[in-house]
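Q: Protein chains in written order, with the working numbering: chain A, 1 to 290; chain B, 1 to 290; chain C, 1 to 290; chain D, 1 to 290.
Just so you know, even glycine gets a beta-carbon here, dropped at the ideal spot from N, CA and C.
(1) At a CB distance below 8 angstroms, what residues from the segment 250-282 of chain B approach chain C? Give them in sequence order.
(2) Please check if any C-beta of chain A sits within less than 9 angstroms of the C-beta of residue 88 of chain B.
(3) Compare the beta carbon distance of residue 131 of chain D and residue 166 of chain D with 9 angstroms and say whether it is the shorter of the two.
(4) What's the gap between the Cα of residue 17 of chain C and the Cα of residue 56 of chain C?
(5) Give the interface partners of residue 54 of chain B over in chain A, defined as CB-CB distance under 9 angstroms, in chain order.
(6) Do residue 198 of chain C and residue 168 of chain D come within 9 angstroms of each other at the CB atom, strictly closer than that value?
(7) Look up residue 234 of chain A in the DSSP assignment and say whether it is helix, strand or coil.
(8) Should residue 87 of chain A be labelled buried (16 or more other beta-carbon atoms within 10 Å of its own) or exposed?
(9) Would you call the segment 230-246 of chain D and the segment 260-275 of chain D in contact, with 3 or more CB pairs under 8 angstroms?
(10) Beta-carbon within less than 6 angstroms of residue 194 of chain C's beta-carbon, same chain only, minus the 5 sequence neighbours each way: which residues are those?
(11) Might you give, ordered along the chain, the residues of its own chain that have their beta carbon closer than 8 angstroms to the beta carbon of residue 3 of chain B, omitting 5 neighbours on each side?
(12) For a contact meaning CB atoms closer than 7 angstroms, what does residue 244 of chain B contact in chain G?
(13) Compute the Euclidean distance between the alpha carbons of residue 19 of chain A and residue 207 of chain B, then round it to the nearest angstrom.
(14) Taking C-beta pairs closer than 8 angstroms, name the residues in chain A that residue 138 of chain B reaches, listed in chain order.
(15) Over what stretch of residues does the beta strand (DSSP E) that includes residue 120 of chain B continue unbroken?
(16) Identify whether residue 276 of chain C lies in helix, strand or coil by the three-state DSSP scheme.
(17) Please list, in chain order, the chain A residues whose beta carbon lies closer than 8 angstroms to that of residue 215 of chain B.
(18) Check the Cβ of residue 168 of chain D against every Cβ in chain C and list those closer than 9 angstroms, keeping chain order.
(19) I'd like to check one pair, residue 279 of chain D with residue 184 of chain D: are the Cβ atoms closer than 9 angstroms?
(20) Comparing alpha-carbon positions, which option in C:210, C:215, C:211, C:36 lies nearest residue 211 of chain D?
(21) Leaving out five residues before and five after residue 99 of chain C in sequence, what residues of the same chain have Cβ atoms less than 7 angstroms from its Cβ?
(22) Give the secondary structure of residue 150 of chain A by DSSP, where H, G and I count as helix, E and B as strand, and everything else as coil.
(23) Three or more C-beta pairs under 8 angstroms: does that hold for the segment 154-163 of chain D against the segment 217-230 of chain C?
(24) Among residues of its own chain, excluding the 5 on either side of residue 370 of chain C, which ones have a beta-carbon nearer than 6 angstroms to its beta-carbon?
(25) Along chain D, in chain order, which residues have C-beta atoms closer than 7 angstroms to that of residue 161 of chain C?
(26) Is the segment 76-86 of chain D in contact with the segment 35-49 of chain D, if contact means three or more CB pairs nearer than 8 angstroms?
(27) List the residues of chain D that residue 295 of chain C touches, going by C-beta distances under 8 angstroms, in chain order.
(28) Identify every residue that forms a DSSP beta bridge with residue 30 of chain D.
(29) For residue 158 of chain D, go through chain C and note every residue whose CB falls closer than 8 angstroms to its CB, in chain order.
(30) List the endpoints of the continuous beta strand (DSSP E) containing residue 65 of chain A.
(31) Short of 8 angstroms in beta carbon distance, which residues of its chain neighbour residue 244 of chain D, apart from the five on each side in sequence? Order them along the chain.
(32) Hey, quick one: how far does the alpha helix (DSSP H) through residue 95 of chain B stretch, first residue to last?
(33) Mapping the DSSP letters down to three states, classify residue 221 of chain D as helix, strand or coil.
(34) Can you grab the Cα-Cα spacing for the pair residue 24 of chain A / residue 235 of chain A, in whole Å?
(35) By the DSSP assignment, the alpha helix (DSSP H) with residue 201 of chain B in it spans what residues?
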């Protein structure tokens, strides 16, 4: 029988990912801060529940983790009873969270010091793709480990990339989200200008979708923006944080990013009032003032 | 037998449009400054060649025009022997050029004063769509005329929109091109940041194409930019002009466009050196300096 | 006895300028749209009142004009009975308005065609300096005429510059006002950041005034901004117009102006609500949002 | 006889400050990493030389420090033999460096934990004001200590401000330098636009100096920029770092700073090539491209 796979973190993303792992032939040992999520996985799929994140790592050769913030990650990984204390020679950890390159390097150092293997694997894609198994994995770190867990990546996603040393996965995520955030500010400015011009905005969305800029995001968000619907898929405050990361990465490397920096300031302007709404709410400060 | 349709201006765009008109059942009377283009149409399709643009209008109820710049438009339309002098009650002119809203209104005034009907119909799409009959027509002006020439729009394009009074077609085009130009600056900044981060750029392009931002422009231009290929489809200086129009339209209407204005300044920075190359050459000033 | 000097336009600026001319030894022939201003000058200083602006030019070798907008200028200068029809060989016109370089060149062409001499002389300085005779004249055009009217410039101002052909005076004004407008947005952002940081803003103003950035504008406007006092000296909508002129001039010449363009967008954002208040009201949109 | 005053760090700034303290009646115990500076102070003024920074604090009730970077500060203050280990109940430390608010709070915490008193006192002003005793002290922390060392501040500077808890001095410095850096980019853009317009740049500088924007920085730097002289007073890379701090502070507090962010991107663009030159070198990337 196959080795069980560990899975730490059954939140919005992690739950979908774990389900795809198990339905595609893996047996899982799981842990989540809120035990009801683990129990659901046990009841439905017969997963084993560990007493702690550390125990997951101790019981499995290969463990995936999906913790949403630096704070959650630190709370679970670090400290005397932290999960990373479960690392011993040969243990493998694949961290799918989107943190900073610096944070990922720090985790790697601890894992390596204990004889383990580490791979960062932040994902592109949100709740829907997690459930449907169509995530994209942006990996950095141990390339041999990347090869070993390909079957698991394929169970959870539609694509996976090995991008170099730890940090490169997170940097790729930052670049991709910078472009995404910038595109949303352009859609917002375009709708604002179209609205002030008294153009039919539904037609504007349709025209964009017929041409070289046609993309799923405009197609999905455009009509919602027109209706003032900023139901959250990706919170504006998270988008702003990613724009800040991008501007800072450019600072470190000496790359001037005037358009993205302007977009960042628009998100900053919007954040206090609209931070918890969808990032499409940047439209609310783009539209004709007064 | 059906009324012949007039067509003025057989340039890169106009030639493809005229061919589609004729192959889909219209008989044409054509005029072009360079007569060799007209002769090609006569030889290949049996089109009648008029002695002047004015004569086209005099001989046809409905005339389409496709002149690429304000200067070309003025040279052909205005003056004592200008084409607009051929307008008499009931004559219809459909101007497919991308000029300014103000210029279109000015042409309309002359046409109306002579008893004619006018429609602006700037197109979204370049040489390829013109040849393939997949243009998008963005129309403003006489709505009844819009209805009458639907068959011709359908012969030349895959979509057509009636957007309101004259000026609204041009404004829609400005908004669409503002978003397009902004997206290209974001792609340029993303590639610059990725390059400075030593990320594999081909992977970046592929990752963008797998997600919510997937769009034909990134797919087409991304690999070319990586190869330093800025073979011109849409000249950078024209994109910069359209960004300027957008910023100015925002100024007229009181819409602040900080991201688009930053993009405009990037195109301005690139224009002197790269103005005649493709607008993707904005990457050359985005990439790591020094 | 000395030749009388013509003066057209006794508005906020013109009245102070005319008074300084007359109290420093010039005899004036004046005209103003609102005759009560002319009558005040006649009663107090014995100035002669002309029946029209054209008559001023006909009666004087040298005429100064100070009309505040392009619209006012066109209304007085152009047309069959316009003032410029009073120009005949040897007549000299010095236009002190702040219009565009293009407009000044157009006026010059008419004056030259009638055998006259022309000097543009836009001023730096507002109501106070006009009254106190401390304006700065930024001149372009006929250099010999510049030399002839030096005594009059000295009666009205503390400095005068000959800058080259017509247009260069207006361009200098645009550059100066671009810097001024940009500085005000920086003061606004600094006060906004200081306020959100809970710094004592009066101290911030004082610290700025003790260092290398110490300048009369910050000294004057800083305390007013803190008190929410945007009593108008220079309307925000006029500052925004000058920023737009600067950005457009950069566009013509291929100069990228990212900081000034961002400042322009801030003024655009403020204009609908605060356009008639002082340009310091740009602070209202800079301060912490929400 | 008066208590001796401790002084740690005799660099470009510290040397001038120490001299002013001693020539105005204080006796000093000094330490500097490079002992030759300490020996110069001993020879010329009879200052006592300590064996370590820690010894300075042990021997004095009140110690000033002036260490130029976070790295230098950490190297001297922290660690088992670090200067902060010399703090015991009642000892007073006044840190005149320009670091971050967070760094100052961290130092304060260590000092307080050992029973000491702490004041941050970053200065506005560079080498010249340090030598001439005309610095401006921007203080945060223990207000009673601020009162006690007023005589020393007055020996070294022309003004001193108490601004609140530790961090507020550093924040004031950030705001002031943000405005300074922004003003330099405006001067650069103005000179670039003036140059492209073929305006006489010396006149532009003079006109700015005659009006409401007249300030020592433009007066000093303007002529140097025209001559391509960027001899360093304040390195461009330090100005860029301060702009970044300002943008980040705005991010923390939810203040959108579009103009300052654009200025930051201009400094980023200039940094790789001109980072060690004066911050006026931002002009080199503002001037007409190509």
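A: A quick look at the data gives this:
(1) Flagged, chain order: 250, 251, 254, 255, 256, 257, 258, 261, 262, 264, 265, 266, 268, 269, 271, 272.
(2) Taking Cβ atoms only, chain A never reaches closer than 9 angstroms to residue 88 of chain B, which makes this a no.
(3) Taking 9 angstroms as the Cβ cut-off, residue 131 of chain D and residue 166 of chain D do not qualify as a contacting pair.
(4) Distance between residue 17 of chain C and residue 56 of chain C, taken at the CA atoms: about 17 angstroms.
(5) Those do not exist, as residue 54 of chain B stays about 33 angstroms from chain A at its closest Cβ, beyond 9 angstroms.
(6) With respect to residue 198 of chain C, residue 168 of chain D sits close: the two C-beta atoms are nearer than 9 angstroms.
(7) The answer is coil: DSSP assigns residue 234 of chain A none of H, G, I, E or B.
(8) So residue 87 of chain A counts as buried.
(9) Enough Cβ pairs lie closer than 8 angstroms, so yes.
(10) The residues 201, 204, in chain order, have a CB closer than 6 angstroms to that of residue 194 of chain C in the same chain once the five nearest residues on each side in sequence are set aside.
(11) 60, 61, 62, listed in sequence order.
(12) Protein chains in the displayed structure are A, B, C and D, and chain G is not among them.
(13) Rounded to whole angstroms, residue 19 of chain A and residue 207 of chain B show a C-alpha spacing of 24 angstroms.
(14) Going along chain A in sequence order, the residues near residue 138 of chain B (Cβ under 8 angstroms) are 207.
(15) Taken as a continuous stretch (DSSP letters only), the beta strand (DSSP E) holding residue 120 of chain B covers 117-120.
(16) Three-state DSSP puts residue 276 of chain C in coil, outside helix and strand.
(17) Per Cβ cutoff of 8 angstroms: 212, 213, 214, 215.
(18) Going along chain C in sequence order, the residues near residue 168 of chain D (Cβ under 9 angstroms) are 197, 198, 199, 200.
(19) Their beta carbons are under 9 angstroms apart, which means residue 184 of chain D touches residue 279 of chain D by this criterion.
(20) Selected option, being the one with the closest Cα: C:215.
(21) 70, 73, 170.
(22) Reduced to three states, the DSSP call for residue 150 of chain A is helix.
(23) Touching, no, given that fewer than three Cβ pairs across the two stretches are closer than 8 angstroms.
(24) As displayed, chain C neither begins before 1 nor continues past 290, which places residue 370 of chain C out of reach and without an answer.
(25) Correct list: 203, 207.
(26) Short answer: they don't touch.
(27) The requested residue 295 of chain C is not part of the displayed model; chain C covers only 1 to 290.
(28) Answer is D:7, D:49.
(29) Below the 8 angstroms Cβ cutoff, chain C contributes 210 as neighbours of residue 158 of chain D, in chain order.
(30) It spans 62-65 - the beta strand (DSSP E) in which residue 65 of chain A sits, taken as one unbroken run.
(31) Excluding residues within five positions, the ones whose Cβ falls inside 8 angstroms are 264.
(32) In this chain, residue 95 of chain B is not harboured by any alpha helix (DSSP H); it is covered by the beta strand (DSSP E) spanning 92-95.
(33) Helix at residue 221 of chain D.
(34) So the two alpha carbons sit approximately 31 angstroms from each other.
(35) Its alpha helix (DSSP H) spans residues 201-210.
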